[in-house]
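Heads up: take any position in the sequence shown, counting from 1, add 38, and you land on our numbering. Cβ coordinates follow ideal geometry from the N, Cα and C atoms, glycine included.
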Amino acid sequence: MERYLRYFKDPESLANAAAREIAAMLVEAVEARGRATLALAGGSTPKPVYERLARVPGVPWGQVDIFLGDERMAPADSELSNMRMVQDHLLGQLDRETPRVHAVDTRLAPAEAASAYASELAEVLGPGGAVPGSGHIDLVLLGMGPDGHTASLFPGAAAMQDNALVAAVRAEEMAEGVTPRVDRVTFTPRVLNEARCAMYLIMDEDKLALFRAMEAGESGAVDLPAARIAPQECLIWYLLQP
C-alpha cells in the first residue's frame with residue numbers, strides 16, 4: 039500500500055486539491071473497469087470538497103456508483119442525514135450526467151437497514167454487479183472524530199469486530215461528546231480495508247494533533263479506528279496545517 043501525506047495551509051487549497059484528485063481517480067477507474075465506485079463521508083468537513091468536485095469538468099458521473107460510508111438513522115429530509123448533505127453539496131450541484139446513488143433506507147430498523155445496504159453493496163461489487171468481479175470500492179472518503187472514530191466506527195464498538203460488510207451502531211456505543219447521538223449504519227473495517235484507496239480529510243487542529251499522535255505511535259492512538267484503516271493500494275491524508 040502506498041501512503042501519501044498532503045499538507046495545506048488553507049481550507050480552500052485543500053478542498054480544491056482533494057476535489058481534483060478524487061475526480062482524477064474516478065476517471066482512472068472508469069477507464070480501467072468501465073465504472074467507478076465511490077463511498078462518501080458525511081458530516082460537515084467534506085462539504086467544500088463536494089462543492090468543488092461538482093464543478094470539476096470531465097468526470098463521467100453516469101458511470102459512477104455512489105455509496106455512503108455511514109449514515110445516521112434519521113429521516114431523509116432531516117439536517118442529520120448524510121445523504122441530504124451529499125444531495126445539497128454534490129449531487130444537486132451536478133449540471134451534467136448524474137451518478138447512480140445508493141442510499142441507506144433509514145425507514146428500517148438499524149440492523150435491517152445494515153443488512154439491506156450490505157446486499158446492495160454486494161450486488162454492485164459482486165460477479166454480476168455493475169463492476170463485474172471487482173470486489174473493491176475504488177475510493178472511500180473518510181473523516182476522523184476527536185475520539186479517533188472514522189465513518190461510524192467508534193472505539194470499542196461492536197462494529198469494529200463485525201465481519202459483515204455493513205453494521206448497525208447503537209447511539210450508546212458512541213463516546214461522550216460525540217454528536218449527533220443517533221443510531222447509525224456504517225461500513226465495517228472489512229469493507230474499508232478491501233477498498234482500493236481511501237482518502238482522509240482533516241481540517242481541525244484537534245484532529246491534526248490526534249493524527250500526529252497516531253504517526254508517532256503513541257500508546258492508545260495506534261489502536262483507534264482511524265489508525266486501523268489500510269486499503270489495498272493507497273491511503274491519502276489531506277491535512278490542514280496553517
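In this structure, A247 sits away from P269, with a CB-CB distance that is not shorter than 9 Å. E109: member of the beta strand (DSSP E) spanning D108 to R110, first to last residue.
Annotation: the continuous beta strand (DSSP E) that includes L43 extends over E40 to F46. Close CB contacts of A154 within its chain, under the 7 Å cut and outside five residues either way in sequence, are with D143 and L146 (chain order). By the neighbour-count definition (other C-beta atoms within 10 Å, threshold 16), T75 is a buried residue. The Cβ neighbour count for Y45, taken over all protein chains shown within 10 Å, is under 16; the residue is labelled exposed.
Per DSSP, the beta bridge partners of V207 are R222. For M237, the uninterrupted beta strand (DSSP E) run begins and ends at C235 to I240, by DSSP. For P263, the closest alpha carbon among the candidates V207, G183 and C272 is that of G183. The beta carbon of V97 is closer than 6 Å to those of A61 and L64 in its chain, skipping five residues each way along the sequence. Per DSSP, A77 lies in no alpha helix (DSSP H); the unbroken beta strand (DSSP E) holding it starts and ends at A74 to L78. Membership of I274 in the beta strand (DSSP E) is indicated by the continuous run C272 to L278.
Under the DSSP assignment, L180 falls outside any alpha helix (DSSP H), being part of the beta strand (DSSP E) whose first and last residues are L177 to L180.
For D244, the enclosing alpha helix (DSSP H) covers residues E243 to E253. Taking each of L203, H174, E211 and T217 in turn and checking the Cα distance to R71, the smallest one comes out for H174. Taking the Cα of A152 as reference, the smallest distance to any Cα among I104, Q131, T136 and A202 is reached at A202.
Non-local C-beta neighbours of L177 in its own chain, meaning closer than 6 Å and more than five positions away in sequence, comprise M63, L76 and C235, ordered along the chain. Annotation for A92: L128, Q131 and L132 place their beta carbon closer than 6 Å to its own, counting only its chain and skipping 5 residues before and after.
The beta carbon of P137 sits closer than 6 Å to the beta carbons of W99, V102 and I104 from its chain, once the five residues preceding and following it are set aside; these are given in chain order.
The C-beta distance from A213 to D185 rounds to 4 Å, short enough to meet the 8 Å contact threshold. At the C-beta level, L180 and A141 stay beyond 9 Å of one another.
In the DSSP assignment, the residues bridged to R138 are D103. Using a Cβ distance threshold of 9 Å, L278 and K47 count as a contacting pair.
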